[in-house]
Amino acid sequence: MKLTVRFFCFLLFFFILLSGHLNAQQKIYISLTGSDNNDGSISKPFATINKAKSAVRAITQNGLNTNVQVILRGGVYEVTNTLNFGPQDGGNENYSVTYMAYPGEKVIISGGEKLTGPWKKEGANIWVYKTGAPKSDKAVPRSLYVDDTRLVRAHSPVYYTQEQLPEFRNSYKSGVFDDKSFPRLTVDSITAFSGFTYSGNDLDNMQNDIGSAEIILYESWDTSVHDIYKIDPSKKTVLLKSPAHFPVGFFSKRTRYIVENVKSFLNAPGTWCYDKQSGYLYYYGNTKDNPNNMSFYMPVLSKMMLIKGNSNNFVTNLNFVGIDFRYTNSEWGVTTLTPAKQQSNLAHYPWLDFSTGFTSPQGAFTSGQAIFTQYAKNCSFENCRFFGLDNYALRIGEYSANNTVDNCVITSCGSGGVMIGIDNNDPVGQHLNPASSPSRNVVTNTKIYNCGLLHRTADAIAVVQANHTLIAHNLIYNMPYTGIAVGWNFKSQDNFTSYNLIEYNHIHDVMQQLADGGGIYTLGKQVGCVYRCNYIYNISRSNDAVGSFNNGIFFDESSSLMKVDSNVIYNVKNATIRFNHSDVSQISIGTNYFEKVNSNKQLQNAIFQKVLK
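Residues -24 to -1, 1 to 589 in mature numbering (1 follows the signal peptide of the UniProt record, and there is no 0) are what the sequence shown spells out, letter by letter.
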């Protein structure tokens, strides 16, 4: 009996020790009131994230045998350089490193600059702030924030082109998608892409604004941003310093555009503009506003965080919990022309400046990303918020596997939400390593809304050349273009987009500004991909949109080898689903529920409760 009691006590003691070992974790604290000369304890916290990283490395250098928590106390942590996380900054297969907000406190990591200098009043409601002239066009601010509010950059009403430049009126048929006509023009006739005739006197009085103004062209499924080279009121022509992706007027002679960053349009409370030459920032406030008593933030960094390992050593088990990521710039000086074509056109048009403007063919993937992973596995972002980022909030890139984005909010971003993949249209033909395809990554329970504010062609979620991805239970709304886009091959060649599962997503009020997209958009061969139980509605089409139709699900070129089942789609401006040069016989269409309008509320509610909840 004594032996039994002793043995039982031994087992109890052993399990207590084991439990303590399993639950053991080392904690490192950071506070804005701390010091990097401290020891990182709760009573003597560090002051910077980089110092905490050094402390983590000291723990992991001989092998990690406990979980590590880096706990940030409340406040705004401004980072002036990209936070680089390598293999030594993460965990291993058994233990994790987690950066987290202190419970109950709001932690912001900011890539922006708080404007602290004096604002001076100029006129009744206009205030001016001196920032200094930008060193490059990329450094020009294109967004400005007051706390949780993104301010509106001063802009013109919506204008419409009259038609293409006179010398190109017979070079291509406007409104007819003849993609054989324009590639030859990119060799030495790029003004077809960077000029147009305007209507009436729309631009006659903008001569004094040319140095700062930017024109945003809306084509079918994309937009582009351009500096102005010259306006000729006598001929009603304008020349732009960088080209659009398509010849202006390709989809319609009447192409929509607006002019932004013009002081003469600074005429409403909450608007602003920036003089590129002087570096003066102008803000139109409410009558009672005093900017000196307000918190203004201007993005500075273009990449806030890089999580990157290598082929021999991945970043593993690195997690971020409860953190608010804010304020980054988009990449700029982006064009779809090859370097050879840029040089060819500069020989004919030396006034072109490819360091200005932004042009992307689709998705705005080249706008960059605030947070980027490569060679990363088992990393996660949970309960985080992404706000005021002018590029994609997060990209899970090459050789990244089993990473998770869960229960996050992404909003007020200039580009898209989450991109998972490789920006390459033919990875198999170019012999990319199949292992480079991001695999088994997850985006769940995440809300993405009010994005695409700078690059309207961006997707809320994009999955390109990735496999075994799970996109589930997300809420997506108020987007200028597509909700969820999967695939990145216009032809039927083999690719890396395979075995992705898109299910139980709630998508509404997307496609608000552009055309030729949908709540869900697919492209190319997609072996084993499944689209099921998605709830899609209120897919509109702007009266100003040009090009093709907007749909609940749009199966674009070469879409095939996928299964589509149990989706609910209603209240769509055009057809609920559409096929464009896709292999319908190779798409398994199960039992879906389509209605042109929400004419049967009882049916809709019953299906939503049964299939989607």
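Note that the Cβ used here is the ideal one computed from N, Cα and C, for glycine as well.
Could you have a look at residue i and say whether DSSP puts it in helix, strand or coil?
i	result
P275	strand
H324	helix
Y143	In the sequence as presented, Tyr is not what sits at residue 143; that position holds Glu. Three-state result, E143: helix.
D185	helix
A100	coil
D300	strand
D124	coil
L(-8)	Only weak support is given to the placement of L(-8): the predicted model assigns it a pLDDT of 40, under 50, and the value that follows is read from those uncertain coordinates. Three-state result, L(-8): helix.
D113	helix
S86	strand
D382	strand
S391	coil
Which one of the options has the shortest CA to CA distance from residue i?
i	options	result
D124	Q64, A115, V52, N60	V52
K252	G494, V116, Q1	V116
K539	N568, D178, P63	N568
T332	G187, L365, R230	G187
T162	N60, Y325, S119	Y325
A340	T433, F330, K239, L8	T433
A23	A34, Y5, Q37	Y5
W308	S287, S343, E139, C505	S343
S415	G428, G393, A352	A352
Short of 6 Å in beta carbon distance, which residues of its chain neighbour residue i, apart from the five on each side in sequence? Order them along the chain.
i	result
G108	G255
T552	G528, I545, F570
L(-3)	Interpretation of L(-3) is limited by its pLDDT of 42, a score under 50 that renders its predicted location unreliable; no figure is taken from the coordinates.
Y273	G88, K90, Y121, Y303
I452	I424, A436, G459, I483
N454	Y425, N426, D485
K279	T58
V522	S196, F227, S228
Q318	F330
Since residue i is in the alpha helix (DSSP H), which residue starts that stretch and which ends it?
i	result
D164	161 to 164
R232	No alpha helix (DSSP H) contains R232, which is instead part of the beta strand (DSSP E) from 232 to 236.
V32	25 to 36
Would residue i be called buried (16 or more neighbouring beta carbons within 10 Å of its own) or exposed?
i	result
E98	exposed
S86	buried
E374	buried
I496	buried
R160	exposed
R371	buried
V560	exposed
A189	buried
S524	buried
D532	buried
N450	buried
S19	exposed
R145	exposed
G66	buried
Q350	buried
D180	exposed
Q1	exposed
P456	buried
D492	buried
Step through the CB atoms of chain B and report whether any lies within less than 8 Å of the CB of residue i.
i	result
L370	Of the protein chains in the structure, only one exists, and it is not chain B.
Kindly list the residues whose CB is nearer than 7 Å to the CB of residue i, restricted to its own chain and excluding five residues on each side of it in sequence; keep chain order.
i	result
Y233	Y135, T137, I191, I192, L193, Y194
I565	V540
N321	D164, I166, L328
G261	N101, W103, P245, P267
Q441	G397, I398, N400, P403, S413, W464, N471, F472, T473
R508	E479, D541, S542, N543
V128	G246, T247
P21	Y5, I6, S7, G10, N14, R49
Over the uninterrupted beta strand (DSSP E) stretch that includes residue i, give me the two end residues.
i	result
G493	Per DSSP, G493 belongs to no beta strand (DSSP E) and is neither H nor E.
H482	482 to 484
residue 667	The shown model of the chain, from -24 to 589, leaves out residue 667, and the question about it has no answer.
D203	199 to 208
V522	Premise fails: V522 is in no beta strand (DSSP E) and is neither H nor E.
R554	553 to 555
M270	Segment: none, M270 is in no beta strand (DSSP E) and carries neither H nor E.
F363	361 to 365
G51	51 to 54
K501	501 to 508
Return the chain-ordered list of same chain residues with a C-beta closer than 8 Å to the C-beta of residue i, the five sequence neighbours on each side being excluded.
i	result
A220	F169, S170, L193, E195, S200, H202, T335
F61	K29, M281, L282, I283, K284, V291, L294
N26	L59
S468	G500, K501, S534, S536, D559
L216	S170, G171, I191, H202, D203, I204, Y205, G333
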